[in-house]
Ligand code: SF4
Ligand code: SF4
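In my numbering, the protein residues as written are 39 to 504.
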């Protein structure tokens, strides 16, 4: 049995000006009876450190909105009110609740709990319009984080074999391709424009601790991070191969920005890189309109890993003005099915990025057909970044982020991944799946709202229209 992969989380608060859904306030009529501190299991209410006769200010960061203290206070001294800033952050894709969840996960690495239950809608755009089949949830041996059966979340980068071929004398004829194991189906793909030097070093160290990868433009692989080259994916364009020869030689995986170059050029470019070192090559392409055909052609031309990059809202790129751009969940399904139809799905590893905002998006992207995901903005949000989608996209990092100790940043990223890993285990346990790679393309184990809506009501309304 393989050694159990474990992510070591540790509480790592940041003294940030967070935005909360509700702010909790203690009124002047409080008689300091301490009842609220007894009923709040999250320890949001504590006695003052200097004067224990008085209650300290409530700690809204740890509050889970169960409203128990409000109900139990004999004086009605506690009040929870909607925070106006809460409604302003995010936008149509990045919902305000997502920020609070990501901040909390980075704070303690735990699976978030909401005390008042879920009262939101049960469907929505993108990954919210898809539900996973959790019919195995009652089996104790497959009980997620606490289960007795080992659930393996690792995936492989690189080409796999469909079958082995042997010669007349029993000799192996098939070429065994090199692969690289990643213990979680997540790599980092942070936009470097937002990174201060301390953030870059800390993110690289977090990737190394988690034994995953961080993709960085090759010119950002500076000497202060180069010793972790085993966990860095240097990214470069075709014309810069010679310039980054030294890095390519040392790296385990590299990424080639492919843009719209013809697939027929790929073999000679890959040969040039393979002549320098042994690194696996990711071909990174934007999720444009004809992405399924593009990935098919690249795979036929010999791509071993393709990274399909959507925008930060999980939408396809270059959608014409009069048509709605497709969402990453539909794009990945389309690409995956195209490869399956052409019987070459195992010849390529598919990474998807853009719009992977919450832990549950990772297994959902895999069910749609991705082998693994690349995460971008959640890593910055874990460090307290706020995103505003309107009137135009703006990402604000907290003041003084450049001075936060690297170990704090690293631990918050490790915590975030710890929480996501635990949730992946829970989903897989509930689905009865013990190998993350088996999630890939398992659309039969998911329900897509649009499809059942169409199946159930589509015919009815079509007839009415007629
Ligand atoms: S329960 Fe009410 S009165 Fe008692 S300490 Fe808490 S806020 Fe004050
Ligand atoms: S609402 Fe619930 S979690 Fe929040 S402070 Fe009160 S008792 Fe604690």
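Every residue, glycine too, gets a C-beta built ideally from N, C-alpha and C.
Rounded to the nearest angstrom, the Cβ distance from residue 365 to residue 163 is 7 Å, consistent with a contact under 8 Å. Annotated as distal: residue 244 and residue 293, with beta-carbon spacing of 9 Å or more. DSSP places residue 219 in the strand class (E or B) of the three-state scheme. With respect to the C-alpha of residue 347, the residue from 296, 319, 377, 58 having the closest C-alpha is 296.
Within its own chain, the residues whose Cβ lies closer than 6 Å to the Cβ of residue 190, once the five positions on either side in sequence are excluded, are 473, listed in chain order. In this structure, residue 107 has its CB closer than 8 Å to one or more heavy atoms of ligand 1. Residue burial annotation: residue 109 is exposed, with fewer than 16 other C-beta atoms found within 10 angstroms of its C-beta. For residue 84, no beta strand (DSSP E) run applies, since DSSP gives it neither H nor E.
With 16 or more other CB atoms across the displayed protein chains lying within 10 angstroms of its CB, residue 145 is buried. Here residue 281 is not bridged, per DSSP, to any residue. Secondary structure in the region 278-348: the beta strand (DSSP E) runs of 3 residues or longer, each lying completely within the stretch, are 291-295, 318-324, 343-347 in chain order. The C-alpha of residue 305 is placed about 38 Å away from the C-alpha of residue 431.
It is roughly 49 Å from the alpha-carbon of residue 461 to the alpha-carbon of residue 207. Restricting attention to 267, 311, 301, 290, the CA atom closest to the CA of residue 283 is found in 311. Taking 9 Å as the cut-off, the Cβ atoms of residue 333 and residue 388 count as close. The beta carbon of residue 406 sits closer than 6 Å to those of 367, 370, 371, all from its chain and outside the five residues before and after it, given in chain order. Assigned with DSSP and collapsed to three states, residue 232 falls in helix. For residue 274, the uninterrupted beta strand (DSSP E) segment begins and ends at 270-275. Contact annotation: the region 92-108 does not touch the region 420-434, with fewer than three C-beta pairs closer than 8 Å. Assignment of residue 457 by DSSP, reduced to helix, strand and coil, places it in the helix class. For the options 127, 63, 393, the alpha carbon positioned closest to that of residue 429 is the one of 127.
Between residue 193 and residue 417 the beta-carbon gap is near 19 Å, outside 8 Å, which marks them as no contact. For the pair of segments examined, the region 65-77 was found to touch the region 108-123: the number of CB pairs separated by less than 8 Å reaches three. Rounded to the nearest whole angstrom, the CA to CA distance from residue 131 to residue 159 is 14 Å. At a Cβ-Cβ threshold of 9 Å, residue 478 and residue 345 do not count as neighbours. Relative to ligand 2, the beta carbon of residue 82 is positioned inside 8 Å of a heavy atom. It is roughly 15 Å from the alpha-carbon of residue 326 to the alpha-carbon of residue 376. The alpha-carbon of residue 495 is positioned some 16 Å away from that of residue 485. Beta-bridge pairing by DSSP links residue 190 to 473.
Rounded to whole angstroms, the separation of the alpha carbons of residue 268 and residue 288 is 8 Å. The beta carbon of residue 59 lies closer than 8 Å to those of 103, 120, 121, 124, 134, 135, 138 in the same chain, with the five residues before and after it left out. Per DSSP, reduced to three states, the secondary structure at residue 59 is coil, with no helix or strand assignment. In the DSSP annotation of this structure, residue 93 is not part of any alpha helix (DSSP H), being labelled neither H nor E. Within its own chain, the residues whose Cβ lies closer than 6 Å to the Cβ of residue 129, once the five positions on either side in sequence are excluded, are 427, 428, listed in chain order.
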